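Novice: Quick one: the structure is below, and I'll ask about it shortly.
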Amino acid sequence: MWRFIGLIIVLAVFLAFIGFNLDNSCDISFGFAKIEQAPVYLTVLVSLVLGLVCALPLALVRRIKKKKEPAKGLLAAATESKDKNNTHGIDS
Numbered sequence: 002m003w004r005f006i007g008l009i010i011v012l013a014v015f016l017a018f019i020g021f022n023l024d025n026s027c028d029i030s031f032g033f034a035k036i037e038q039a040p041v042y043l044t045v046l047v048s049l050v051l052g053l054v055c056a057l058p059l060a061l062v063r064r065i066k067k068k069k070e071p072a073k074g075l076l077a078a079a080t081e082s083k084d085k086n087n088t089h090g091i092d093s
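The opening position of the sequence shown corresponds to residue 2 in my numbering, with each subsequent residue numbered one higher.
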């Protein structure tokens, strides 16, 4: 429910941004080509999407690395903690 409300708020902010910048335009130069009078809101939205596309491989690699690590249960974690605390080799 809160995600949906958050999505509505984000979309409302985007809509307000677009509404305020309908008349604003800019020129975009790629070095070999130039786009003249591009709307500012399209420039921002395209930049956002390109940033997300560039971040996607990093997120996928991190997720794959997380899945490869074995999950430790409570018993294994407790045993490991006990072994670290027992420096003299004596069980208590």
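C-beta atoms are modelled at their ideal positions from N, C-alpha and C, and glycine is treated no differently. For clarity, every value in this text was computed on a predicted model and none was experimentally measured.
Where do the N-terminal and C-terminal ends of the beta strand (DSSP E) with alanine 39 fall, by residue?
Specialist: Note, alanine 39: beta strand (DSSP E), 35 to 40.
Novice: What first and last residue would you give for the beta strand (DSSP E) that runs through aspartate 28?
Specialist: 26 to 30
Novice: Should isoleucine 19 be flagged as near chain C, meaning a C-beta pair shorter than 8 Å?
Specialist: No chain C is part of this structure, which consists of one protein chain only.
Novice: For the candidate residues Trp3, Phe31, Leu43, Ile29, whose alpha-carbon lies nearest to that of glycine 20?
Specialist: Its Cα nearest to that of glycine 20, the residue Leu43 stands out among Trp3, Phe31, Leu43, Ile29.
Novice: Considering only the beta carbon of each residue, do proline 40 and serine 30 sit closer than 8 Å?
Specialist: no
Novice: Quick check on leucine 23: does DSSP put it in helix, strand or coil?
Specialist: coil
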